[in-house]
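A.B. asks: Mind looking over this structure? Questions follow.
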Amino acid sequence: MKVASIATIARGVVAVVATVTLAAACSSGSPKTGGSGAASGQLTGRGPITLAQGKDTSGNVQNQINTWNKAHPKETVRLVELPESADQQRQQMVQNAQTKSDAYTVLNLDVVWTAEFAANRWVTQLPKDQFDLAKFLPSAVQTGTYRDNMYAAPWKTDAGLLYYRKDLLQKAGISAPPKTWAELQSDCGKVKGVDCYAGQFDKYEGLTCNFSEAVDSAGGQVVDDQGKPNVNTPQAKQGLNFLVQGFKSGMIPKEAITYEEEDARRAFEKGNLLFLRQWPYQWALSSKAPKTKGKFDVAPLPGLNGPGAPTLGGHNLAISSFAKNKATALDFIKYLTSEDTERLNLVASSEAPTLASLYDEPALQQKFPYLPTLKASLLNAKPRPKAVRYNDVTTAIQEAVYSALTGKTTTDQALADLQSKLGPLTAQ
Ligand code: GLC
């Protein structure tokens, strides 16, 4: 079968996107216009809006906005870039909501914030029937749902992957990436001149993701399916010890204790690391970086006794309750989550789409040979706890794990403290 090139698809798609979005804006199915729509649950009002989100690392969010703005000169979107760190983004969005400011219209919500924003009525319920939710990955749809209602539309999903330098492994006579932590360590012993492994270990949301992955990859769970904390277990201890011992033995370089996503990416792209735990977005960027271009690949995360289990991440689109022009916001969200826009975004950024069918498109698989690995990792990904007080949950995790990684407490003490702190926070 002849496979259409990505460039051809992309060109065709730009035209389709413009038509679709114009049609959406004019269709009689759109919510009633008139009124500003501010401070109400009604999705009314048309005019300029903003999209608030973390740093546009790929640069492609601005491209998508430009395409929209060309087709909607009276309903333009302005990108408000918040800091790189997930915790600081949340802080600014919460402050904005608490002061009932209309500065942010569409919020790019991390998957773990949905419950808090929905329960506090900081975001407006979205009309489920206006989205073809059956086409999206069910795990991503779940992350935008609170008490069976949709508050955020699935936009970008995420799962941790093992980035590795295939050139260095090959030179050392290693033909496949490691499936277990023991194999990873043994591979590192055979490759000289680079650090072994890093992830994101600064005291912020990324640490919660890396810790949860370590526990899940040892067969445990930070919070069990009934919502009970579960870190007083041998599996949680083995998971945390992988990281604690990693720092002690030098398997993880000391400076990784300050790493967030972009620091970790830079270390990998300088050629300093053999293995890195990272999200899919890095694929496109490292494919252009001179020292890593053509030299790396990705694999599922390794675990204690076999392949590990990544943390489910991602970002969804919600509408601030205090914003004006919510009808425009809804159409803009439909545009960003449409098949054509998601396809173009995958091509430009390698960020993981939420639409399931894109993972199986031959032309996309040809350009991104890692798509099947990504899909398998996403299907295996474990969500973080769904809690209205999620910020307290993650703060407790970050404090306990960070003090173990920096040697201030033992693994046993850190986990005992965490178990007792999590109890009241996760009780329903
Ligand atoms: C990524 C994930 C997000 C996670 C964050 C942690 O952006 O998509 O879910 O919370 O990283 O830094």
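According to mature numbering (1 follows the signal peptide of the UniProt record, and there is no 0), the stretch in the sequence shown is residues -23 to -1, 1 to 405, in order.
Idealized CB from N, CA, C, for every residue including glycine.
1) From V38, I42, L103, pick the residue whose C-alpha is nearest to that of residue 494; which is it?
2) Are the CB atoms of A63 and G291 nearer to each other than 8 Å?
3) Helix or strand or just coil, what does DSSP make of Y258?
4) From the DSSP output, in three-state form, read off M228 for me.
5) Quick one: what's got a C-beta closer than 6 Å to D394's C-beta in the same chain, skipping five residues either side?
6) How far does the beta strand (DSSP E) with R124 in it reach, from first residue to last?
7) Do you know how far the Cα of Q119 is from the Cα of Q266?
8) Which residues does DSSP list as the beta-bridge partners of I151?
9) Is there a Cβ of chain C sitting closer than 8 Å to that of L355, yes or no?
10) Would S297 and T82 be called neighbours here (beta carbons separated by less than 8 Å)?
11) Less than 8 Å between the C-beta atoms of W158 and L250, yes or no?
12) Cutting at 7 Å between CB atoms, please list the residues of its own chain near L145, excluding the five before and the five after it.
13) Check whether the Cβ atoms of E52 and T305 sit closer than 8 Å, and answer yes or no.
14) Please find out if some non-hydrogen atom of the ligand GLC comes closer than 7 Å to the beta-carbon of G290.
15) Would you identify the three-state DSSP class for S7, choosing helix, strand or coil?
16) For the alpha helix (DSSP H) holding E316, just list the boundary residues, first then last.
17) Which runs of the alpha helix (DSSP H) fall wholly inside the segment 26 to 75 and span at least 4 residues, in chain order?
18) In chain order, what residues of the same chain lie with their CB nearer than 6 Å to the CB of T314, ignoring the 5 residues before and after it?
19) By the three-class DSSP mapping on this structure, what secondary structure does T288 have?
20) For the putative contact between Y258 and S163, defined by C-beta atoms under 8 Å, what is the C-beta separation to the nearest angstrom?
21) Using DSSP with H/G/I as helix, E/B as strand and the rest coil, what is A132?
22) Does G227 pass the burial test, meaning 16 or more other C-beta atoms within 10 Å, or should it be called exposed?
23) Could you tell me which uninterrupted alpha helix (DSSP H) segments, each at least 4 residues in length, are contained entirely in the segment 181 to 226, listed from first to last along the chain?
24) R242 and L262 - do their beta-carbons sit closer together than 8 Å?
25) Can you list, in chain order, the residues of its chain with a C-beta nearer than 6 Å to that of G196? Leave out the 5 residues immediately preceding and following it.
26) Suppose you measure from the CA of P230 to the CA of L253; what does that come to, to the nearest Å?
27) Can you check which of these residues, Y141, G384, S78, Y128, is closest to G248 by C-alpha distance?
28) Taking the alpha-carbon positions, what's the D179 to S380 distance?
29) Excluding the five sequence neighbours on either side, which residues of its own chain have a C-beta within less than 6 Å of the C-beta of Q360, listed in chain order?
30) Under the assumption that Q198 contacts N207 (Cβ atoms under 8 Å), give the Cβ distance between them as a whole number of angstroms.
31) Can you tell which of A373, P349, A96, Q343 has the C-alpha that lies nearest to the C-alpha of Y336?
32) When you compare the CB positions of L139 and L355, do they come within less than 8 Å of one another, or not?
33) State the Cα-Cα distance for the pair K268 and A74, rounded to the nearest angstrom.
C.D. replies: Reading from the atomic positions:
1) Look at the range of the chain in this structure, -23 to 405, and you will see that residue 494 is not part of it.
2) For this step, residue 63 is matched to residue 86 along the sequence shown. For this step, residue 291 is matched to residue 314 along the sequence shown. No. Outside cutoff.
3) The sequence position of residue 258 within the sequence shown is 281, counting from 1. In the structure shown, the three-state DSSP call for Y258 is coil.
4) Stepping through the sequence shown from its first residue, residue 228 is reached at position 251. Looking at M228 - three-state DSSP - the assignment turns out to be coil, as it is neither helix nor strand.
5) In the sequence shown, the residue the question calls residue 394 occupies position 417. For D394, where only same-chain residues beyond five positions count, the Cβ hits under 6 Å are A377.
6) Counting from one through the sequence shown, the residue named residue 124 turns up at place 147. That residue, R124, is in no beta strand (DSSP E); it is neither H nor E in DSSP.
7) Reading the sequence shown from its first residue, position 289 is the one you call residue 266. Reading the sequence shown from its first residue, position 142 is the one you call residue 119. Before going further, note that residue 266 is Ala rather than Gln in the sequence given. So the alpha carbons of these two residues sit roughly 35 Å apart.
8) Position 174 of the sequence shown holds residue 151. Per DSSP, I151 has no beta bridge partner at all.
9) Considering every chain present, this structure includes no chain C. It has just one protein chain.
10) As a first step, residue 297 must be located in the sequence shown, where it is residue number 320. As a first step, residue 82 must be located in the sequence shown, where it is residue number 105. Their beta carbons are under 8 Å apart, which means S297 touches T82 by this criterion.
11) Indexing the sequence shown from 1 puts residue 158 at position 181. Indexing the sequence shown from 1 puts residue 250 at position 273. Taking 8 Å as the Cβ cut-off, W158 and L250 do not qualify as a contacting pair.
12) For the purposes of this step, residue 145 is taken as residue 168 along the sequence shown, with counting starting at 1. Cβ neighbours of L145 beyond the five flanking positions: V168, V171, L251.
13) Numbered from its first residue, the sequence shown carries residue 52 at position 75. Numbered from its first residue, the sequence shown carries residue 305 at position 328. Result yes, Cβ atoms of E52 and T305 sit closer than 8 Å.
14) Position 313 of the sequence shown, counted from the first residue, corresponds to residue 290. Result yes, Cβ under 7 Å from the ligand GLC.
15) Position 30 of the sequence shown holds residue 7. At S7 the pLDDT is 38, less than 50, meaning the model places this residue with poor confidence; the figure from the coordinates comes in the next sentence. Correct three-state label for S7: coil.
16) Numbered from its first residue, the sequence shown carries residue 316 at position 339. Here the alpha helix (DSSP H) through E316 covers 316 to 326.
17) 37 to 48, 63 to 75
18) For this step, residue 314 is matched to residue 337 along the sequence shown. Excluding sequence neighbours, T314 sits near A130, W132.
19) Residue numbering aside, residue 288 sits at position 311 when the sequence shown is read from its first letter. DSSP places T288 in strand when its eight states are reduced to three.
20) The residue labelled residue 258 in the question sits at position 281 within the sequence shown. The residue labelled residue 163 in the question sits at position 186 within the sequence shown. Rounded, the Cβ-Cβ distance is 29 Å, inconsistent with contact.
21) To locate residue 132, count along the sequence shown from 1; it is residue 155. It is Trp, not Ala, that sits at residue 132 in the sequence shown. The answer is strand: DSSP assigns W132 an E or B state.
22) Here residue 227 refers to the residue found at position 250 of the sequence shown. Counting the other CB atoms within 10 Å of its CB gives G227 a total below 16, which places it among the exposed residues.
23) 182 to 194, 211 to 226
24) As a working note, residue 262 is residue 285 in the sequence shown. As a working note, residue 242 is residue 265 in the sequence shown. Yes, the pair counts as a contact, with Cβ atoms nearer than the cut-off.
25) Against the sequence shown, residue 196 aligns to sequence position 219. Closer than 6 Å at the Cβ level, and outside the excluded window around G196, lie Q212.
26) Taking the first residue of the sequence shown as position 1, residue 230 is located at position 253. Taking the first residue of the sequence shown as position 1, residue 253 is located at position 276. P230 and L253: Cα-Cα distance of roughly 11 Å.
27) To locate residue 248, count along the sequence shown from 1; it is residue 271. Nearest C-alpha to G248: Y141.
28) On the sequence shown, residue 179 is found 202 positions in, with the first residue counted as 1. On the sequence shown, residue 380 is found 403 positions in, with the first residue counted as 1. Distance between the alpha carbons of D179 and S380 is about 11 Å.
29) On the sequence shown, position 383 is the one that residue 360 refers to. Note on residue identity: the sequence assigns Pro, not Gln, to residue 360. Cβ neighbours of P360 beyond the five flanking positions: L289.
30) Start at 1 with the first residue of the sequence shown, and residue 198 comes out as number 221. Start at 1 with the first residue of the sequence shown, and residue 207 comes out as number 230. About 5 Å; that satisfies the 8 Å criterion.
31) Within the sequence shown, the letter at position 359 stands for residue 336. Checked all of A373, P349, A96, Q343; the closest Cα to Y336 is P349.
32) Along the sequence shown, read from residue 1 onward, the residue named residue 139 stands at position 162. Along the sequence shown, read from residue 1 onward, the residue named residue 355 stands at position 378. Cβ distance not < 8 Å, so L139 and L355 don't count as in contact.
33) Translated into the one-based positions of the sequence shown, residue 268 becomes position 291. Translated into the one-based positions of the sequence shown, residue 74 becomes position 97. K268 and A74 have their C-alpha atoms roughly 43 Å apart.
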